[in-house]
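**Student:** Okay, handing you the structure first.
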Ligand SMILES: Nc1ncnc2c1ncn2[C@@H]1O[C@H](COP(=O)(O)OP(=O)(O)O)[C@@H](O)[C@H]1O
Ligand SMILES: [Mg+2]
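In this note's numbering, the protein residues as written are 27 to 277.
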């Protein structure tokens, strides 16, 4: 997206990739995955990111950032300063504000994550989604979750906001022994409808509830990454920036 607004901006050739982990159901991991991926790319890979928190009834990311900055003890401050990096911007707003918020994202930002409400009927939702390059839909293999996710993807397709090849299913809260076969079958069915799944699957882990593993100021600790599937997700998402983005629509 990102239309250059001044001649100086014209030199910033690459607009950021706009991503949203989104679905119509709450509790699927939208916020958790946004924070984990954004923090990894920013603090570990040193790729500038921003989060737009427009899930206005919760403001989970915005409030998390506030808590984290207000409650930093000396030890944490020291650890943070050692990274020698500014924290990434976390802006709050309503879905209708997204086009304008994106215009004000600093020019060096490479990825913008939008945390959307879990309700497609909210004012401005369509405008916000219309700005997205990739829609990442977290899903569990339960019938209810798959049905909700499928209906959501179809609703998006019907209003013609995003082509199916810009949507990806992310299997979350995944248990290999329970879900592997089913996720393969479901991925194949979704593919028949034109929707691909991310290769990485995110295991169910109680550790994601732990505040230290869900930070807007630090990357996920390395010891939690082993066998977590998250590292693969980080790499997969980073590689989305290599796919040519949509051309700007004239209007
Ligand atoms: N892979 C996972 N394993 C275990 N718990 C998870 C996982 N992903 C998310 N959760 C938990 O599920 C709950 C809902 O996640 P959240 O990101 O707030 O969902 P949403 O933003 O979609 O409403 C949180 O308590 C979170 O810690
Ligand atoms: Mg949320």
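All C-beta atoms in this analysis are idealised placements derived from N, C-alpha and C, irrespective of residue type, glycine included.
Keeping to the same chain, check which residues put their C-beta closer than 8 Å to that of residue 71; ignore five residues upstream and five downstream.
**Tutor:** Only 260 and 264 meet the Cβ criterion.
**Student:** At a threshold of 6 Å, does residue 230 count as lining ligand 1 (C-beta to nearest heavy atom)?
**Tutor:** Yes, Cβ of residue 230 sits closer than 6 Å to a heavy atom of ligand 1.
**Student:** Should residue 201 be labelled buried (16 or more other beta-carbon atoms within 10 Å of its own) or exposed?
**Tutor:** The residue is exposed, with fewer than 16 neighbouring Cβ atoms inside 10 Å.
**Student:** Could you tell me the distance, in whole angstroms, from the CA atom of residue 235 to the CA atom of residue 136?
**Tutor:** Looking at the two C-alpha atoms, the distance is approximately 28 Å.
**Student:** Taking the C-alpha atoms as reference points, what is the distance between residue 55 and residue 100?
**Tutor:** When rounded, the distance between both Cα atoms is 31 Å.
**Student:** Let me confirm a value: residue 88 is counted as buried when at least 16 other C-beta atoms fall within 10 Å, else exposed. Which label applies?
**Tutor:** It counts as buried.
**Student:** Quick one: what does DSSP say residue 48 is sitting in, helix, strand or coil?
**Tutor:** In this structure, residue 48 counts as coil in the three-state DSSP scheme.
**Student:** Identify which residue in 248, 125 and 239 has its Cα closest to the Cα of residue 60.
**Tutor:** Out of 248, 125 and 239, 239 has the C-alpha closest to the C-alpha of residue 60.
**Student:** Let me make sure I understand the geometry here. Which of 105, 158, 42 and 97 has the alpha-carbon closest to that of residue 278?
**Tutor:** Outside the shown range of the chain (27 to 277) lies residue 278, about which nothing can therefore be said.
**Student:** From 167, 192 and 199, pick the residue whose C-alpha is nearest to that of residue 208; which is it?
**Tutor:** Comparing Cα positions, the closest option is 167.
**Student:** CB-CB under 7 Å to residue 91, same chain, minus the five flanking residues each way: which ones, in chain order?
**Tutor:** Only 116 and 242 meet the Cβ criterion.
**Student:** Can you look up residue 117 in the DSSP assignment and give me helix, strand or coil?
**Tutor:** Correct three-state label for residue 117: strand.
**Student:** Does the Cβ of residue 269 have 16 or more other Cβ atoms within 10 Å, making it buried, or fewer, making it exposed?
**Tutor:** Burial call: exposed.
**Student:** Please find out if some non-hydrogen atom of ligand 1 comes closer than 6 Å to the beta-carbon of residue 246.
**Tutor:** Checking every heavy atom of ligand 1 against the Cβ of residue 246, none is found closer than 6 Å.
**Student:** If residue 174 sits next to residue 84, beta carbons under 8 Å apart, how far is it from one beta carbon to the other, in whole angstroms?
**Tutor:** Not confirmed; about 18 Å, so no contact.
**Student:** Got a sec: does ligand 2 put a non-hydrogen atom nearer than 6 Å to the Cβ of residue 56?
**Tutor:** Under cutoff, so the answer is yes.
**Student:** For residue 140, I'd like the list of residues in its chain whose CB is within less than 6 Å of its CB, leaving aside the five on either flank, ordered along the chain.
**Tutor:** These residues qualify, in order along the chain: 46 and 78.
**Student:** Since residue 176 is in the alpha helix (DSSP H), which residue starts that stretch and which ends it?
**Tutor:** Start and end: 169-184.
**Student:** Report the rounded CA-to-CA distance for residue 102 versus residue 212, giving the unit in angstroms.
**Tutor:** The alpha-carbon atoms of residue 102 and residue 212 are separated by roughly 43 Å.
**Student:** With DSSP run on the structure shown, which of helix, strand or coil describes residue 250?
**Tutor:** Looking at residue 250 - three-state DSSP - the assignment turns out to be helix.
**Student:** Return the chain-ordered list of same chain residues with a C-beta closer than 8 Å to the C-beta of residue 73, the five sequence neighbours on each side being excluded.
**Tutor:** Excluding residues within five positions, the ones whose Cβ falls inside 8 Å are 67, 136, 137 and 264.
**Student:** Buried or exposed for residue 220, going by 16 or more other Cβ atoms inside 10 Å?
**Tutor:** It is exposed - the Cβ of residue 220 has fewer than 16 other Cβ atoms within 10 Å.
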